[in-house]
Amino acid sequence: MDKTWNNKAWFMVLPVLLLVAFSAVIPLMTVVNYSVQDTFGNNQFFWAGTDWFTQVLDSARFWDSLVRNLAFSAVILAIQIPLGIFIALNMPRHGLGVPVCLIFMALPLLIPWNVVGTIWQLLCRADIGLVGWGLTQLGFPFAYAADPVDAWVTIVVMDVWHWTSLVVLLCYAGLVSIPEAYYQAAKIDGASRLAVFRYIQLPKMKRVLLIAILLRFMDSFMIYTEPFVVTGGGPGSSTTFLSIDLVKMAVGQFDLGPAAAMSIVYFLIVLLLSWIFYTVMTQGDQA
Amino acid sequence: MARITLDHIRHAYGIRPSAPNDYALREVNHEWSDGGAYALLGPSGCGKTTLLNIISGLLQPSEGRILFDGEDVTDLPPEARNIAQVFQFPVIYDTMTVYDNLAFPLRNRGVAEAAVKRRVEEILEMTGLADRANRKARGLTADQKQKISLGRGLVRNDVNAILFDEPLTVIDPHMKWQLRSQLKKLHRQFGFTMVYVTHDQTEALTFADKVVVMYDGQIVQIGTPAELFETPRHTFVGYFIGSPGMNVLPMQIDGATAVIGGERVDLGFAPPAKATAKMEFGIRPEFVRIGREGHPVRIDKVEDIGRHKIVRATFAGQSVAAVMPEEDEVPADARIAFDPKAINIYADSWRVERGA
């Protein structure tokens, strides 16, 4: 078939281009602008070249935050994905239990980030918080503001509480779309519970799991609000993730050049890791 | 392979059935012989899939027993009954190769790998999938996937019966004929008992030795295709089988004469007239003659479908269909006659036997 070329079609995509330009490209370019120049206010700019990038990449502070971020995302994925699958497998398929479970699962997702932070901060305080006080009374002194391990446990548990539901809901949607005949055929074929999971449920959940892993990775890698509310990055810098560090640098110290350079590096890392996840997880599809 | 006995089976999906209408499956009490090919034919919702799932063990009947070769299997789960089932939509294990798909039921039962290999290779040969053995099952066409479903059933050599639940629904029409004849060939070769659910009469009639016609939760007739055509036991079998279906006309009995509207048709025998019963006169369009003899009739429409003509007419206020040979013409002053040997009499929808 002959393709018809009509340049008027470009006008059709113009609104989208404009929208994307204002929502993404122009702000990003501002950051690029800051990252290669130095400014002392008064709209005076001096060319800095790659200086800020070198400075950021040479600083131990950046690499420490990056390692903390990677460790956090790894822990979050290692807990939330299996836990989410497990809960989804055990959710009811029929009857009154379905809406009840779905509502309970959706509740944490509806709470604003900073409120989640506040809830857990209060809950874990050693003086008045139910969990913090309770653990201390039971002989496990718990102080997230002083002990880095306690701070990490608090933030990880909080994130698991807040976001595992998302994984559960995605997996559940994948599971209920499996036709009954698959389970019947597996029964007739004498498949064990494990084989049903391995050969029917897991392959059918693959698509939604990919989305769940990508979303949870990106979100956990960019986490800011909750640790900011709970620990403020401490004790010391034990929960200072890249985003917290970035805000300290840009807003606290007003180092706009290095902060802009760091934003761009941060953005490229998220993009690169997401691309790797996606490629690895979809490469089997072509075979 | 096994003889299947359905001993007073009834099933209701509700919890506590009280009236006959609460049952999705009213009483079924039959014995199906070993090595037979049975088709369960009926419209949607008549209970045929329910009956199939009771045989396979996916459903427990509310009442009654099911026996394979005289052995009660009512309480056995599907995997212990040694049956195979092919579903409406092909069920394959996407991530496995064709070979692994076929080996799956054997490996689950702990069969030694050497025996698995021998058996799977036989089945690959039988289903014509040998050249695709090491391909991922996901990329295959619908008919190849359906062959894998079937193969997973055939691979166990102890299967009692193979059950098919409308297996050709998603297959292209030209492949349907091919698969059906392959299936018949396999059946003749290996002699397994087959039960085949369908709502397509052509499929049922070409596939099965015995067609089990179901209607409204009960079996209305079990018979060879010829029996279903010539002597439908129930008016439903009359309309459901045949194209167009049987003409069924309300009538009164007067000795050996049927009174339809104002017309009197000689029956050649005197059926026992029950005053309370609703009497009906049934005749297949193939045995209705349109010509210069018989009763007055009004011709409404002639449909020429190539091999023959279908005449739609009004006789004594009732619409009647007739099949005429392609070369015959409908005369200007047409009259209608019925082949007396092909007339069936129904009392309350059930056929009245001639001798009775």
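Residue numbers (the working numbering), protein chains in the order written: chain A, -9 to 277; chain B, 4 to 359.
Cβ atoms here follow ideal geometry from the backbone N, Cα and C, with glycine treated the same way.
Worksheet item: So which of B:I346, B:A22, B:G248 and B:R310 has the shortest CA-CA distance to B:M327?
Response: For the purposes of this step, residue 327 of chain B is taken as residue 324 along the second sequence, with counting starting at 1. Ranking the options by Cα distance to B:M327, first place goes to B:R310.
Worksheet entry | Contact set for B:G39: own chain, Cβ-Cβ below 7 Å, skip 5 residues either direction | Against the second sequence, residue 39 of chain B aligns to sequence position 36. The answer, listed in chain order, is T196, D212 and K213.
Worksheet item: CA-CA distance, B:G265 and B:H298?
Response: Position 262 of the second sequence, counting from 1, holds the residue named residue 265 of chain B. Position 295 of the second sequence, counting from 1, holds the residue named residue 298 of chain B. Those two C-alpha atoms are separated by around 11 Å.
Discussion item. Counting only C-beta atoms, is B:A306 closer than 7 Å to chain A at any point?
Written reply: For the purposes of this step, residue 306 of chain B is taken as residue 303 along the second sequence, with counting starting at 1. Note on identity: in this sequence residue 306 of chain B is Glu, with Ala being the wrong assignment. Among the residues facing chain A, B:E306 is not included, as its CB has no counterpart in that chain under 7 Å away.
Discussion item. I need the DSSP call for B:Q192, collapsed to helix, strand or coil.
Written reply: For this step, residue 192 of chain B is matched to residue 189 along the second sequence. Secondary structure of B:Q192 (DSSP, three-state): helix.
Discussion item. So, for A:F257: in the same chain, excluding its five sequence neighbours on each side, which residues have a beta-carbon less than 7 Å away from its beta-carbon?
Written reply: Taking the first sequence and counting its residues from 1, the one referred to as residue 257 of chain A is at position 267. Hits under 7 Å: none found.
Worksheet item: Do we get a CB-CB distance below 7 Å when we pair B:N111 with the residues of chain A?
Response: In the second sequence, counting from the first residue as 1, residue 111 of chain B sits at position 108. B:N111 counts as touching chain A.
Practice prompt. Give me the Cα-Cα distance between A:F62 and A:D209, rounded to the nearest whole angstrom.
Written response: Along the first sequence, one-based indexing puts residue 62 of chain A at 72. Along the first sequence, one-based indexing puts residue 209 of chain A at 219. If I take the Cα positions, the gap works out to 11 Å.
Fill in: Three-state secondary structure (DSSP) of B:R29
Here the question's residue 29 of chain B lines up with position 26 in the second sequence. DSSP places B:R29 in strand when its eight states are reduced to three.
Worksheet entry | Top-ranked residue by Cα proximity to A:I234, from A:R115, A:W37, A:R197 and A:D54 | Here residue 234 of chain A is taken as the residue at index 244 of the first sequence, counted from 1. It is A:D54.
Discussion item. For B:H14, report the span of its beta strand (DSSP E) as first-last.
Written reply: Here the question's residue 14 of chain B lines up with position 11 in the second sequence. Counting along the chain, the beta strand (DSSP E) containing B:H14 begins and ends at I7 to H14.
Item to complete: Could you run through the stretch 67 to 81 of chain B and flag, in chain order, every residue whose CB is less than 8 Å away from some CB of chain A?
Response: With the criterion set as a beta carbon lying under 8 Å from some beta carbon of chain A, the members of the stretch 67 to 81 of chain B are P80 and P81, in sequence order.
Practice prompt. Tell me where the alpha helix (DSSP H) around A:Q243 begins and ends.
Written response: Translated into positions along the first sequence, residue 243 of chain A becomes position 253. No alpha helix (DSSP H) holds A:Q243; DSSP gives it neither H nor E.
Item to complete: Measuring alpha carbon to alpha carbon, tell me which of B:T130, B:D78 and B:L157 ends up nearest B:F107.
Response: Start at 1 with the first residue of the second sequence, and residue 107 of chain B comes out as number 104. For B:F107, the closest alpha carbon among the candidates B:T130, B:D78 and B:L157 is that of B:L157.
Item to complete: Determine the extent of the beta strand (DSSP E) in which B:E362 is found, giving its start and end residues.
Response: Nothing about residue 362 of chain B can be reported from this structure: the residues present for chain B run from 4 to 359 only.
Item to complete: Indicate whether at least one CB of chain B lies closer than 7 Å to the CB of A:Q174.
Response: The residue labelled residue 174 of chain A in the question sits at position 184 within the first sequence. True, the Cβ-Cβ gap to chain B drops below 7 Å.
Discussion item. Can you list, in chain order, the residues of its chain with a C-beta nearer than 7 Å to that of B:F341? Leave out the 5 residues immediately preceding and following it.
Written reply: Counting from 1 along the second sequence, the entry for residue 341 of chain B is found at position 338. Leaving aside the five residues that flank B:F341 on each side, the residues in its chain whose CB is nearer than 7 Å to its CB run, in chain order, V268, I286, F290 and V291.
Worksheet item: What residue from A:L165, A:F130 and A:L199 has the CA that sits closest to A:I190's CA?
Response: As a working note, residue 190 of chain A is residue 200 in the first sequence. When only C-alpha atoms are compared, the closest one is A:L165.
Practice prompt. Name the residue from B:I174, B:I165 and B:A273 whose alpha carbon lies nearest to the alpha carbon of B:P81.
Written response: Counting from one through the second sequence, the residue named residue 81 of chain B turns up at place 78. Looking at the Cα atoms, B:I165 is the closest of the given residues.
Worksheet item: Mind checking if A:G180 is an interface residue toward chain B, Cβ cutoff 7 Å exclusive?
Response: Numbered from 1 along the first sequence, position 190 holds the residue referred to as residue 180 of chain A. So, interface residue.
Worksheet item: Does any residue of chain A bring its CB to less than 7 Å from the CB of B:D97?
Response: Residue numbering aside, residue 97 of chain B sits at position 94 when the second sequence is read from its first letter. For B:D97, at least one C-beta of chain A is nearer than 7 Å to its own C-beta.
Fill in: Interface positions of the stretch 129 to 147 of chain B facing chain A (Cβ-Cβ less than 7 Å), listed along the chain
Answer set for the stretch 129 to 147 of chain B: K139.
Worksheet item: With burial defined as no fewer than 16 other Cβ atoms inside 10 Å of the residue's Cβ, what is the status of B:I12: buried or exposed?
Response: Your numbering for residue 12 of chain B matches position 9 in the second sequence. Counting every other CB atom within 10 Å of its CB across the protein chains shown gives B:I12 a total of 16 or more, marking it as buried.
Fill in: Rounded C-alpha distance that separates B:D146 from A:L100
Taking the first residue of the second sequence as position 1, residue 146 of chain B is located at position 143. Taking the first residue of the first sequence as position 1, residue 100 of chain A is located at position 110. Cα-Cα distance, rounded: 46 Å.
Practice prompt. Could you pull out every residue in the same chain whose Cβ sits closer than 8 Å to the Cβ of B:F272, ignoring the five residues on either side in sequence?
Written response: Working through the second sequence from its first residue, we reach residue 272 of chain B at position 269. Answer for B:F272: A259 and R357, listed in chain order.
Worksheet item: Between A:D140, A:I259 and A:A251, which lies nearest to A:Y24 when the distance is taken from Cα to Cα?
Response: For the purposes of this step, residue 24 of chain A is taken as the residue at position 34 of the first sequence. Measuring from the Cα of A:Y24, the nearest candidate turns out to be A:A251.
Fill in: CA nearest to the CA of A:M81, picked from A:Q34, A:L97, A:I16 and A:L159
On the first sequence, position 91 is the one that residue 81 of chain A refers to. Nearest in C-alpha terms to A:M81, of all of A:Q34, A:L97, A:I16 and A:L159, is A:L159.
Fill in: Residues near B:R301 in its chain [Cβ-Cβ closer than 7 Å; skip 5 each side]
On the second sequence, position 298 is the one that residue 301 of chain B refers to. Only A316 and T317 meet the Cβ criterion.
Discussion item. Give me the chain B residues within the contact set of A:P169, using Cβ-Cβ distance strictly less than 7 Å, ordered along the chain.
Written reply: Along the first sequence, one-based indexing puts residue 169 of chain A at 179. Here the neighbours are F92.
Fill in: chain E contact residues for B:A87, given Cβ-Cβ distances below 7 Å
Looking at the structure shown, chain E is missing, and the protein chains on hand are A and B.
Discussion item. What are the residues in the stretch 37 to 68 of chain B lying within 9 Å of chain A by C-beta distance?
Written reply: Per Cβ criterion, the list reads N56, S59, G60 and L61.
Worksheet item: When burial is assigned at 16 or more other CB atoms within 10 Å of the CB, is B:K281 buried or exposed?
Response: As a first step, residue 281 of chain B is located in the second sequence; it is residue number 278 there, counting from the start. B:K281 is classed as exposed because its beta carbon has fewer than 16 other beta carbons within 10 Å across all chains shown.
Worksheet item: What are the start and end residues of each continuous alpha helix (DSSP H) run of 4 or more residues lying completely inside the stretch 208 to 253 of chain B, in chain order?
Response: Scanning the stretch 208 to 253 of chain B from its first residue to its last, the whole alpha helix (DSSP H) runs of 4-plus residues come out as 228 to 233 and 238 to 243.
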